[in-house]
Every structure is written in structure tokens, then in C-alpha cells.
Amino acid sequence: MIDLINSVENKIKSILNELNIQEDNVKVVESNKAGLGQYQYNGVMAIAGKNGYKPQELAQKICDLLIKDDNILDANVAGVGFVNITFKTSALINQVNKYEVEKDKICVVKNHKIFIDYGGPNVAKALHVGHLRSADIGEGLKRLARKLGYEVISDVHFGDWGRQMGMVIAGIEERMPNLPFFDENFKGEYPTQSPVTYKDLEEIYPLANIKCKEDEAFLEKCRKYTYELQNGNAGFVALWKLFVAESMKPVLKTYDFLNVSFDLYEGESTCNDLIAPMVKDLLDRKVAYESQGAVVIDVANLDDKVEVPPFLVLKSDGAAMYSTTDLATIVNRQKRFSPQEYWYVADNRQSLHFTQLFRATKKANYVDENTTFTHFAFGTMNGKDGKPFKTRDGGVMSALTLIDNVKTEIRNKMADNNEVNDEICDIISSATLKFADLSNNRETDFIFDIDKFCALEGKTGPYILYTTVRANSVIKKAQMSDIENFELLDIDNKSYIDVLLNLIKAPVVLQRAFEQKALNVICDYLFVLSNSFNNFYSQTKILTESDESKKKSYLKLCSLVSKVNEEFLDILAIKVPERM
RNA sequence: GCGCCUGUAGCUCAGCUGGAAGAGCAACGCCCUUCUAAGGCGUGUGUCAGGGGUUCGAAUCCCUUCAGGCGUACCA
């Protein structure tokens, strides 16, 4: 993906060929010994012995020939036979200038549609810190795919139809039993104002949840109410609409703060009308059958290492559950969009559910065989004790509280900076949170540490923003037009060259991030690039450089760093402020 | 019980398609009359959980033990 590196790999291949050594797998990788070289080839040790060479001898032969290459400044042998390569700066510049071309090569698939389901906030439950992950990762993956030319449709998929709805209704009834929604004989118009606020809901749901565990009769009532809601009890439906809308208010506010948005704001309930016909269809075609009173689809495979339980289409009380709505939602999405790929960004703990869902979908022939389903699982955010937060019983820091904490930190920091307004504070706060979240490997669990999430120094969102704003500031102060078209020149300045070395990696980073669906790869790169730029900045006077052509090169470098930073930050859905 | 995941510096974590152990924080020291010091530079730290195996070479692949987490049909 980096032409320059490919050409060296091919060069080494042909050198080996001339020595009668067949080796197709030649990889030149970044050097981990700065000072010895920029890139290295480590394959010599593996092939030398087989071909009658001492490793260092063969490595030396390769170096002797490599050094004649137009792109290569130096090649030397180190250790047991590592080949270290240093490029001519002109070659690096040439490669930097190919950025757009290299990027276009990454996406070769055309007319490819992806449907992505992420976010998944639940009605009546405040977003807590763990919910940030699905939103941040999903938004990032969506933008990354779009950047590479895929068509992507996103849906937030509100949790608005499962048993927790019955629990909320029952919980509201406990508090306000005289509301008309609960009066079966009520004939008038139902109120249009929600009887509860979202803050009330955040109390009502956890209380109802606790009560369900202690009180079997109450649990039974919740199940009944859920069933009745799903089957059109007019009072329940009217009440449900009101508290769903109320409950979404803070959720949407939080998403807005995180720069997260969706093409579709649908929920589990959206497909309710499809459930009955779907169940009938599945039973008619004998894809599903009745078991222990429930309707299920067998999804076990012979070669399963573990017994995969049947997929539940309907519970034994006839109510829909998340598996029901997920399946019906696919029917719905397939009818409307027929994407080639379905992506689900959800917690690790749901992996068995998705295995079942995907198998059930295929077994029912709801999609054609080429359609792929992938669950992009992410690790849980754990408490200090290393255990996942339990949301049902409450007690976990809400996302909004965390956001307030970060904002406070930023404002304190900004106390004597009167250039910065509230809007900029919000941008920086959002960047702080998102970068902290996305820096972690997607799949591993990590311990939530508020200090880490609010940190403003080191490998953080503000660091990247600061670097970008700084570069932009220099560009602005230069008061020259057309800086983006200035030429990079071969200048003997180590920190300048280090930035170039990082810039050539940009397309590879995009590719790797996409292949692995790993946004932390982008975070790491942003940090490394910014770090090298800050080093350059501290050592190089740009605006007062007397050599005009050098000054122009330096300004071009600023503009490149700023451009790549902004582009990559945009993938992470992080905005860059005007100043900070 | 079975399955999946995790175990790397004092703390939080990268690295895991094998190649010469990393970052941030914390600690100490240096650098603002000069383009944004939310910055730069320097210093120290490791039986990569333990034990085997494969390999010229293993944090990385295989086996095994230990510790923790999650999941295991009517919650999501």
C-alpha cells in the first residue's frame, strides 16, 4: 500500500532471485531501532541457512545491492542479520505526494451497501459511561467505511419494546394508579403530556427491576403488561409513546454532544407489525416450531464446540423479546435496503445472541446467501473492581455526569483564556471523552477511570486538537496564499524527516483500521504523527526562516499534518476548534 | 460442567497474521524576551501470570496449570 515500500520489497525479491533464492514473502516493516534505519527487512535469518549462507553474509550482499537503489540512502546489517534501510528524503517526499492516490487504492469494492446497527440506548435508562462505546465505535466505523467509499446506512435501534416497557408501565402505575392510561373503561382523549420526566423514569425503572426480583407477582404483572402493550392495549400504547419520547430527550442530547447521528432513529417497536406474519410464516414453513410453549428455531450446528440453544421467536407467554424484534428488524431492513453486509456494534456479552440471530436469519432464508452478518463486539467498561458495571440496578455514573466532569475540567483550565467560548469548551470536552474511549482496543475490557477520561495532557484528544490548532495557527500567521500547493523540499532536518516518515503511513493506517475495524489504530497514529510534528515545531523556526524555499516547505508540512489530523479526527467524529 | 475473553512497567493500556520489549500517567531534571508550554527534550523501571512444545528466533503459534471476567432458551 506504500509504493515506496513495495518497490523495496520487490527489489529484495529480485536480489534474492539472482542469488537463486526463491522467496515470495518479503516484508519490509518499520524499524523499531531508531538510529539504525527507518525500515527493516527481517527475513534473512529464515532463508540464509537453507541456502548455504551465514545470515550476516547474505544480509550484507542484500545491503550492497540495495544501496544502489535510487530511493535508498543507506542499508546496513545489524545484529544477527537484520537489514536496516534508510530512504532518501526525496523518496519520502515523492511518497507523501501520492497520498490521495494510495488512499483510492484501498477501496476497490464499488456499489457495496452496509447496514450498521449501533448505539442501542434503552428507554427509561440513562446512558451510562459504558454506552459511550457503542456510539463512539459505531460512529467511527460508519465514517471509516464511508471514507473508503462504501455506502452505509445507520440505525440507532432504540430498546423500546422488550419487557422493560411492561416494567416501566407497571412502575408508573405504582406511583400514579389513577392515570387514565390504566383505566380500561376510559373513553376520552389520553393526555398528550408525559406524566413522568426522564429523571422520574431513571428512578422508576431500576426500582421496578429490583421489585421484579423480589416479588414474583409483580414480575408476572410486568410480563402481562408487556404482552398487552405489544398487542395494542390503547392506554398502554398512549402512555408508552409519551414516555419513550420523554426518555429520548437526554439520549439525543448526549449523542449530539458526541457528534453521533443516525440515518434512522428506529427501535425494536418499529417492526411490531411484522412480527405476527413473520411468526406465522416461520411456523408454516416449519423453520420454527413450538417448544415448551415458546416458538423457537433450532440453530445448532453439528460441529459446534458448545451447545447452541434454540433461537427464541416468541416467549411462552406470546410476547416478543429482543430476539423476536431483532429478527423482524432484519426482515424490515432487508425489504427496504437489501445491504450486502450487516454490522452490529454491541457488547461482547451478546455474542451468543448474535450467533443465534444470524443463523436463524439464514435458516429462514430472509437474506440471500451472500449477505454477511458480523457482530463487532467490544469489551465492557469495568469498574475499579474489574467487574462490568451493572446497569439494571443503577448506581453507575451516567454519561451526562461524566460529560459534566470533563466540561468542568476544561473550564478550570480555561479560566484565564478569554478567547475560548462555551462552544469550544464543548468541542474539547467531546474530543477528550471520545479519544479516551476509542484509544482502547475495541475487543478488550478495560477499567473505567474517571481521571483518565478527563485527562487533558499526554496521549489525549486535546493533545491532537492542540497540535492541529497550532499548525493551523502558524499557517494563518504566515499570511501566504496557496500553501497547500507549496512543494516539500529535501531538507536535512531530522525532525522534518520524521514527520514525513509518519505522513507516508497514513494510507496504511486507514487500511489496517478498516481491516481490523480497529479505531485505536487511528488514535495511535494521530498521536505519533502529532508527537513528531510537535517535536519538529519546537526545534524549527518556521515563520522566521530566512530561506524562503525552506519556509515554504515547512508551511506545507504544517498544512499536511493539519489536513491528515482533521481527516482522521473526522473519522472518529471529533471536531477541531478554531482556537484553544 | 462446557464455551469465549483477559493476565505486559507502580497505575491505565498498546503491541498478538513470529523478528532487536513500547506509550501515556505518576517521579526527577532541563527548555517560554522568539510561530499556541494543553508543548518539547532527557533519566529509571519488566521472570510479557507459571510450566512445557514448535522455530535460527515466541509477549505473539500449539498444549497445560493457575487467577479473574463473561456467556450458557423465555432480561438485553
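If you use our numbering, the first sequence corresponds to residues 50 to 629, in order. The beta carbon of each residue, even a glycine, is placed where N, CA and C say it ideally should be.
Distance CB(residue i)-CB(residue j) smaller than 7 Å
| i | j | result |
| --- | --- | --- |
| Ile324 | Ala337 | no |
| Asn381 | Cys320 | yes |
| Cys271 | Gly189 | no |
| Val77 | Val57 | yes |
| Ala184 | Gly208 | no |
| Arg628 | Val518 | yes |
| Asn120 | Lys137 | yes |
| Gly428 | Glu492 | yes |
| Lys605 | Leu550 | no |
| Met297 | Ala377 | no |
| Asn569 | Ser488 | yes |
| Val132 | Pro104 | no |
| Lys196 | Ile620 | yes |
| Gly220 | Ile259 | no |
| Pro229 | Phe235 | yes |
| Val300 | Pro170 | yes |
| Asp47 | Lys60 | The question about residue 47 has no answer, for the chain in this structure spans 50 to 629. |
| Trp662 | Ser318 | Lying outside 50 to 629, the shown extent of the chain, residue 662 is not represented and no answer is given. |
| Ala562 | Ile553 | no |
| Val93 | Leu107 | yes |
| Leu451 | Val178 | yes |
| Ile96 | Ile70 | yes |
Assumed close pair residue i, residue j - CB separation to whole angstroms, cut-off 8 Å
| i | j | result |
| --- | --- | --- |
| Leu514 | Ala480 | 5 Å |
| Ser447 | Leu176 | 7 Å |
| Val205 | Leu250 | With a Cβ gap of about 18 Å, Val205 and Leu250 do not count as contacting. |
| Ala287 | Tyr239 | 4 Å |
| Asp453 | Leu406 | Rounded, the Cβ-Cβ distance is 37 Å, inconsistent with contact. |
| Ser595 | Ile532 | Rounded, the Cβ-Cβ distance is 18 Å, inconsistent with contact. |
| Phe497 | Asn431 | 7 Å |
| Lys162 | Phe386 | 7 Å |
| Ile155 | Gly86 | So it is not a contact: roughly 27 Å between Cβ atoms. |
| Val348 | Lys412 | 7 Å |
| Ile638 | Pro626 | Outside the displayed range of the chain (50 to 629) lies residue 638, so it cannot be described from this structure. |
| Lys456 | Ser478 | 5 Å |
| Asp573 | Arg182 | That pair is no contact at about 18 Å. |
| Phe576 | Lys508 | 5 Å |
Selected residue, minimal CA-CA separation from residue i, among the options
| i | options | result |
| --- | --- | --- |
| Pro388 | Asp322, Phe360, Phe422 and Val362 | Phe422 |
| Tyr90 | Lys525, Asn74 and Thr275 | Asn74 |
| Gly198 | Thr493, Leu606, Phe484 and Lys159 | Lys159 |
| Pro255 | Asn280, Pro226 and Gln213 | Gln213 |
| Gly187 | His206, Asn171, Pro556 and Ile165 | Ile165 |
| Lys110 | Leu65, Gly92, Thr135 and Tyr148 | Leu65 |
| Glu616 | Lys152, Asn534 and Leu122 | Lys152 |
| Leu592 | Val348, Gln528 and Ala83 | Gln528 |
| Pro244 | Val293, Tyr276 and Phe267 | Val293 |
| Ala426 | Asn59, Asp396 and Asp531 | Asp396 |
| Lys525 | Arg460, Ser611 and Asp305 | Ser611 |
| Leu331 | Phe230, Asn308, Asp500 and Leu361 | Leu361 |
| Ala368 | Tyr274, Asn258 and Lys601 | Tyr274 |
| Asp494 | Glu317, Tyr512, Pro437 and Ile477 | Pro437 |
| Asn603 | Asn569, Glu418 and Asp547 | Per the sequence shown, residue 603 should be read as Tyr rather than Asn. The candidate whose alpha carbon is nearest that of Tyr603 is Asp547. |
| Thr303 | Gln71, Lys483 and Glu564 | Lys483 |
| Leu578 | Tyr512, Phe535 and Leu53 | Tyr512 |
| Gly316 | Ser544, Ser203, Leu618 and Asn81 | Ser203 |
| Asp490 | Ala108, Val469, Val445 and Lys566 | In the sequence on display, residue 490 carries Asn and not Asp. If we check each option's Cα against that of Asn490, Lys566 comes out closest. |
| Val172 | Leu291, Tyr102 and Val355 | Leu291 |
| Asp366 | Glu295, Phe311, Glu269 and Asn461 | Glu269 |
Residues that residue i bridges to, as DSSP identifies them
| i | result |
| --- | --- |
| Val344 | Glu339 and Leu363 |
| Phe425 | Val394 |
| Asn125 | Asn133 |
| Gly316 | Phe207 |
| Met430 | Phe495 |
| Ser447 | His177 |
| Val77 | Tyr90 |
| Pro437 | Asn431 |
Any non-hydrogen atom of the ligand SAH within 6 Å of residue i CB
| i | result |
| --- | --- |
| Leu278 | This structure simply doesn't include the ligand SAH, nor any ligand for that matter. |
Item to check | Whole runs of the beta strand (DSSP E) within the region 195 to 221, excluding any shorter than 3 residues | outcome: 200 to 204
Checklist entry - Can you list, in chain order, the stretches of the beta strand (DSSP E) that have 3 or more residues and sit fully within the region 132 to 185? => result 162 to 166
Checklist entry - Which ranges does the alpha helix (DSSP H) cover as unbroken runs of at least 4 residues, wholly within the region 80 to 116, from first to last along the chain? => result 93 to 97 and 104 to 115
Next on the checklist: Report the start-end ranges of each alpha helix (DSSP H) in the region 229 to 313 that is 4 residues or longer and not cut off at the edges.
Outcome noted: 247 to 263, 265 to 279 and 283 to 306
Checklist entry - At what residue ranges does the region 470 to 533 contain a whole run of the alpha helix (DSSP H), taking only runs of 4 or more? => result 471 to 487, 499 to 503 and 510 to 527
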